[in-house]
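Student: Pasting in a structure now, in structure tokens, and then I'll have a few things to ask.
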Amino acid sequence: MSSRKKPSRRTRVLVGGAALAVVGAGVVGTVAANAADSTGGASAAAPVAARSGDLTQSTHLTLAAATKAAQAAVDAAAKDGRQVSVAVVDRGGNALVTLRGDGAGPQSYESAERKAFTAVSWNAPTSELAKRLEQAPTLRDIPGTLFLAGGAPVTAKGAPVAGIGVAGAPSGDLDERYAQAGAAVLGR
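Structure, rendered in structure tokens:
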């Protein structure tokens, strides 16, 4: 008979846990090493500098300017007793600011964004673009556009930098007048 004492349950659990930790660390290290090898190591993540001849520069409307233009459009409509929504989008058609005036209809919010997107996309007032539908009716099939009066482009250095869209007034002519009022504050 051996005089060796059997380890306690607690000792066996601790030793087993330590063994599992060592095996787990080995597996994680192996996976990490293989992942680094497959991506080419750290040098694959290094940034590559583009040549200056492969670059262009663009001008963007600031958030402060977009907010000022949107507020000016809402204020012009409120002065006439109209409740409208106003959207200002950047040169890529992404919303910078959208304001929904007190009492503006629920449909006006999306319509304002779509008019702004349409104005900046074609660098033209949407009232003018609506007239083009007679010659090219499939224009209205372009996603995100709305060919109704109420959108005004904003340009800098001859290129579009933003679009202002207004919706909710009783007519597109009024919507466009308010969009032009928003654009006008940027030219002052």
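Position one of the sequence shown corresponds to residue 52 (this note's numbering), numbered consecutively onward. Ideal placement from N, C-alpha and C gives every residue a C-beta, glycine not left out.
(1) Within 10 angstroms of the Cβ of Glu164, are there 16 or more other Cβ atoms? Answer buried if so, exposed if not.
(2) According to DSSP, is Pro188 helix, strand or coil?
(3) Leaving out five residues on either side along the sequence, give the residues of the same chain with a beta carbon under 7 Å from the beta carbon of Ser109.
(4) Less than 8 Å between the beta carbons of Pro204 and Pro211, yes or no?
(5) Just to confirm the assignment, what range does the alpha helix (DSSP H) spanning Val171 have?
(6) By DSSP's criteria, Asp141 is part of a beta bridge. Which residues make up the other side?
(7) First and last residue of the alpha helix (DSSP H) that includes Val148?
(8) If you draw a straight line from the alpha carbon of Thr169 to that of Lys182, how long is it in whole angstroms?
(9) Could you check which residue in Glu185, Leu180, Ala101 and Gln122 has the C-alpha nearest to that of Ala235?
(10) Buried or exposed for Ser222, going by 16 or more other Cβ atoms inside 10 Å?
(11) Looking at the structure shown, is Thr107 part of a helix, part of a strand, or coil, going by DSSP?
(12) Quick check on DSSP: helix, strand or coil for Gly223?
(13) Once you ignore the five residues that flank Ala187 on each side, which residues in its own chain have a CB closer than 7 Å to its CB?
(14) Cα separation between Val7 and Thr107?
(15) Determine the direct distance from the alpha carbon of Ala101 to that of Ala127, and round the result to whole angstroms.
(16) When the distance is taken between beta carbons, is Val135 closer than 8 Å to Ser172?
Tutor: Put simply:
(1) Start at 1 with the first residue of the sequence shown, and residue 164 comes out as number 113. With 16 or more other Cβ atoms within 10 Å, it is buried.
(2) Taking the sequence shown and counting its residues from 1, one reaches residue 188 at position 137. In the structure shown, Pro188 sits in a helix (DSSP, three-state: H, G or I).
(3) Residue mapping note: residue 109 aligns to position 58 of the sequence shown, counting from 1. Arg142.
(4) Within the sequence shown, numbered from 1, the residue matching residue 204 stands at position 153. Within the sequence shown, numbered from 1, the residue matching residue 211 stands at position 160. Yes, the pair counts as a contact, with Cβ atoms nearer than the cut-off.
(5) Numbered from 1 along the sequence shown, position 120 holds the residue referred to as residue 171. Element bounds for Val171: Pro157 to Trp173.
(6) As a first step, residue 141 must be located in the sequence shown, where it is residue number 90. Note: Asp141 sits in a beta bridge opposite Ala213.
(7) Within the sequence shown, the letter at position 97 stands for residue 148. That residue, Val148, is in no alpha helix (DSSP H); its beta strand (DSSP E) goes Ala146 to Arg151.
(8) Walking along the sequence shown from the start, residue 169 turns up at place 118. Walking along the sequence shown from the start, residue 182 turns up at place 131. Using only the alpha carbons, I get a separation of about 13 Å.
(9) For the purposes of this step, residue 235 is identified with residue 184 of the sequence shown, where counting begins at 1. Comparing Cα positions, the closest option is Gln122.
(10) Along the sequence shown, one-based indexing puts residue 222 at 171. Exposed: under 16 other Cβ atoms inside 10 Å.
(11) Taking the sequence shown and counting its residues from 1, the one referred to as residue 107 is at position 56. Residue state, collapsed to three classes: coil.
(12) Mapped onto the sequence shown, residue 223 falls at position 172. Looking at Gly223 - three-state DSSP - the assignment turns out to be helix.
(13) Sequence index remark: in the sequence shown, residue 187 carries index 136 (1-based). Excluding residues within five positions, none has a Cβ falling inside 7 Å.
(14) Absent from the structure is residue 7, since the part of the chain shown begins at 52 and ends at 239.
(15) Here residue 127 refers to the residue found at position 76 when the sequence shown is read from its first residue. Here residue 101 refers to the residue found at position 50 when the sequence shown is read from its first residue. Those two C-alpha atoms are separated by around 46 Å.
(16) On the sequence shown, position 121 is the one that residue 172 refers to. On the sequence shown, position 84 is the one that residue 135 refers to. Against a cut-off of 8 Å, the Cβ pair of Val135 and Ser172 comes out as no contact.
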